[in-house]
Structure formats: C-alpha cells, structure tokens
Amino acid sequence: MAVTVWGIGTTRTFRVHHALHECGIDYVTEPVRTRTSDMERPEFRAVAVSGKVPSFQDDDFVLTESAAITRYLMTRGHPPRPVREQAFVDQWCHFMMMELDATSLYVVRRHEGLPEIYGASDVAVRTAKDYFRRQLSTLCDELLDGRTYLNGSFSELDILLISMLDWAAFVKVEIPQAAAVYAAGVRKRPAYESAYQHNYGNRSRS
Ligand SMILES: N[C@@H](CCC(=O)N[C@@H](CS)C(=O)NCC(=O)O)C(=O)O
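And the structure:
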C-alpha cells in the first residue's frame, strides 16, 4: 500500500504535505476538506481516530496529529538524535503546538474565522493575537539569532514554524523582523513551494 495523506487545505495538513515533499516521497492524497461530507466517509473514519485531518497511512501504520506525522517523516531512516538534542527539538515542538497553534492561532480561527460555530468574539481574537506575538517574540529571542534553520539543519521544527508564520500572515498578525527574514528563507525551498501549491492550490485556505 502506498503512503496516503488524508486532508488538504489547512495549516495542519500543509505540514504533512511539506514534510513529504521535503523527503521526496511519492504518495496518494485523499483531498478531504474540513466541514464537508468527505469527513463522514467510512474509509476516512477508519483511519482518522479523532475524525480530523491530517490523517496518515504508511502501509499498515496509521498516524494522526500533524506534529507527530511530521516528526515521523523527517526522522525515519535517520539515526536517532542524541538525547539532549531530541529534548531541545521536543521543547520547541511542544512550545509551537501549544503556545502558537492551540492557544493563539486556533483561537483566532474559531472566533474570527468560524463565528457560526464558535461565536464571534473580538476580545478573544485580540488577546489571542497579542499572546501569539508575545510567544513568538520568545522564540525569536531564543532561536532566531541569524541561523537559517531552528535546529541547525532543516527539520520538523522549521516545518511547524513556517506553517504558523504563514497562518499568522493570513490572519494579519505582525511578526518581528527576525521571523520575517527567517520565513523568507524557508519559503524559497522548492519543497515548500510545491507542497504549498499542492495543499492550498488556488482554493481559499482554512
Ligand atoms: N492537533 C491536530 C489538530 C487537527 C485539527 O483540528 N484539524 C482540523 C482541521 S485544521 C479538523 O480536522 N477539524 C475538523 C473537526 O474538528 O471536526 C493536528 O495538529 O493535527
């Protein structure tokens, strides 16, 4: 069975397509989009344990959670990292998924982008954007000291961060200059460009 990705069109699905393009892996895309009837397909439900995209299959191995899938793809076939380096990568991976994604950008998504489901709230959106800026500044102070990639060479950390910087741009959150310079470098990668086109195409992003 081929590698299959379920899901297209969102920041979280982009991470998986980006990792696959970086790794040069041929794969099948099942273009399930959120809040469509495709999410009710039994074949999708069979792999998507939480009913969400992205979901991922590699032969009989099924995985969900964009950060876990991205880690799997970017590290499989490589020797394990030294334990402290892995802990460093984990620290920033969890930081980005919690502080930048779940408690900031996804709050904006809910209360600005999906008011019909979650309710409109200017306060929630404004404070989530402020929180995003503060948390991103911490990351910039600690990591963006002129380096091209967060862990020295290109890794899952860069896939996570560029996806969030793109998302921030989409919802019109200003970012520090160091982050803008970093993002411009990552966006020049051919795999970023091809994955972006594959995931978003000319459709509206969500
Ligand atoms: N933490 C998960 C979040 C996945 C997620 O919430 N996906 C959204 C689209 S971006 C989804 O499938 N929503 C549909 C739903 O909640 O019913 C990840 O990073 O993969």
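First residue of the sequence shown? That's 9 in the numbering used here, and the numbers climb one at a time after it.
Virtual Cβ for every residue (Gly too), placed ideally from N, Cα, C.
(1) So is the beta-carbon of T18 under 6 Å away from any non-hydrogen atom of ligand 1?
(2) Can you give me the C-alpha to C-alpha distance between P88 and Y80, rounded to a whole angstrom?
(3) Around the Cβ of G15, are there at least 16 other Cβ atoms within 10 angstroms (buried) or fewer (exposed)?
(4) Rounded to whole angstroms, what is the Cα-Cα separation between A132 and H119?
(5) Would you mind working out which of P62, Q65 and V179 sits nearest V112, comparing C-alpha positions?
(6) Using three-state DSSP, classify L71 as helix, strand or coil.
(7) May I ask you to check if the CB of E48 is nearer than 6 Å to at least one heavy atom of ligand 1?
(8) Tell me, to the nearest whole angstrom, how far the beta carbon of M82 is from that of A10; I am working on the premise that it is less than 8 Å.
(9) Output the distance between the C-alpha atoms of M104 and T19, rounded to the nearest integer angstrom.
(10) Between which two residues does the beta strand (DSSP E) holding S63 run?
(11) Is it the case that the Cβ atoms of L173 and A191 are separated by a distance below 7 Å?
(12) Ignore the nearest five residues each way along the sequence and tell me which others in V24's own chain have a CB closer than 7 Å to its CB.
(13) To the nearest angstrom, how far is the alpha carbon of P231 from that of P123?
(14) For a quick check, are the C-beta atoms of L151 and L158 less than 7 Å apart?
(15) Just reading off the alpha helix (DSSP H) that T146 is part of, what are its end residues?
(16) Under the assumption that T42 contacts A56 (Cβ atoms under 8 Å), give the Cβ distance between them as a whole number of angstroms.
(17) Within 10 Å of its beta-carbon, does A95 have 16 or more other beta-carbons around it, so buried, or fewer, so exposed?
(18) Mind checking whether the beta-carbon of T12 lies closer than 6 Å to any heavy atom of ligand 1?
(19) State buried or exposed for H86, treating a residue as buried only when at least 16 other CB atoms are found within 10 Å of its CB.
(20) Considering only their Cβ atoms, is the gap separating F22 from N207 smaller than 7 Å?
(21) Taking the alpha-carbon positions, what's the R117 to R195 distance?
(22) For H29, count the other beta carbons within 10 Å of its own beta carbon; 16 or more makes it buried, fewer makes it exposed. Which is it?
Put simply:
(1) As a working note, residue 18 is residue 10 in the sequence shown. Answer for T18: yes, Cβ within range of ligand 1.
(2) Working through the sequence shown from its first residue, we reach residue 88 at position 80. Working through the sequence shown from its first residue, we reach residue 80 at position 72. Taking the straight line joining both Cα atoms gives about 12 Å.
(3) As a first step, residue 15 is located in the sequence shown; it is residue number 7 there, counting from the start. Flag for G15 reads buried.
(4) By one-based count along the sequence shown, residue 132 stands at place 124. By one-based count along the sequence shown, residue 119 stands at place 111. Answer to the nearest angstrom: the Cα atoms are 7 Å apart.
(5) Here residue 112 refers to the residue found at position 104 when the sequence shown is read from its first residue. The question names Val, but residue 112 in the sequence shown is Ser. Looking at the Cα atoms, V179 is the closest of the given residues.
(6) Looking up residue 71 in the sequence shown gives position 63. Note: L71 maps to strand in three-state DSSP.
(7) In the sequence shown, counting from the first residue as 1, residue 48 sits at position 40. Incorrect: E48 has no Cβ contact closer than 6 Å to ligand 1.
(8) Your numbering for residue 82 matches position 74 in the sequence shown. Your numbering for residue 10 matches position 2 in the sequence shown. Not a contact, Cβ separation roughly 19 Å.
(9) Against the sequence shown, residue 104 aligns to sequence position 96. Against the sequence shown, residue 19 aligns to sequence position 11. Roughly 13 Å between the two C-alpha positions.
(10) Reading the sequence shown from its first residue, position 55 is the one you call residue 63. Taken as a continuous stretch (DSSP letters only), the beta strand (DSSP E) holding S63 covers S63 to D66.
(11) Residue numbering aside, residue 173 sits at position 165 when the sequence shown is read from its first letter. Residue numbering aside, residue 191 sits at position 183 when the sequence shown is read from its first letter. Yes. Within cutoff.
(12) Translated into positions along the sequence shown, residue 24 becomes position 16. Excluding positions up to five away in sequence, the list reads V13, P62, F64, S74, I77 and T78.
(13) It is not possible to answer for residue 231, since the shown part of the chain is limited to 9 through 214.
(14) If you number the sequence shown from 1, residue 151 lands on position 143. If you number the sequence shown from 1, residue 158 lands on position 150. Against a cut-off of 7 Å, the Cβ pair of L158 and L151 comes out as a contact.
(15) Your numbering for residue 146 matches position 138 in the sequence shown. First-last of the alpha helix (DSSP H) with T146: D130 to L151.
(16) Counting from one through the sequence shown, the residue named residue 42 turns up at place 34. Counting from one through the sequence shown, the residue named residue 56 turns up at place 48. Incorrect: roughly 11 Å between the Cβ atoms, too far for contact.
(17) Here residue 95 is taken as the residue at index 87 of the sequence shown, counted from 1. Exposed, by the Cβ-count rule.
(18) Translated into the one-based positions of the sequence shown, residue 12 becomes position 4. The answer is no for T12.
(19) Residue mapping note: residue 86 aligns to position 78 of the sequence shown, counting from 1. Classification of H86: exposed, given that the 10 Å Cβ count is below 16.
(20) Sequence index remark: in the sequence shown, residue 207 carries index 199 (1-based). Sequence index remark: in the sequence shown, residue 22 carries index 14 (1-based). Yes, Cβ-Cβ distance for N207 and F22 is below 7 Å.
(21) What you label residue 117 is simply residue 109 of the sequence shown in a count that begins at 1. What you label residue 195 is simply residue 187 of the sequence shown in a count that begins at 1. Using only the alpha carbons, I get a separation of about 23 Å.
(22) As a working mapping, residue 29 is identified with position 21 in the sequence shown. By the neighbour-count rule (16 or more Cβ atoms within 10 Å), H29 is buried.
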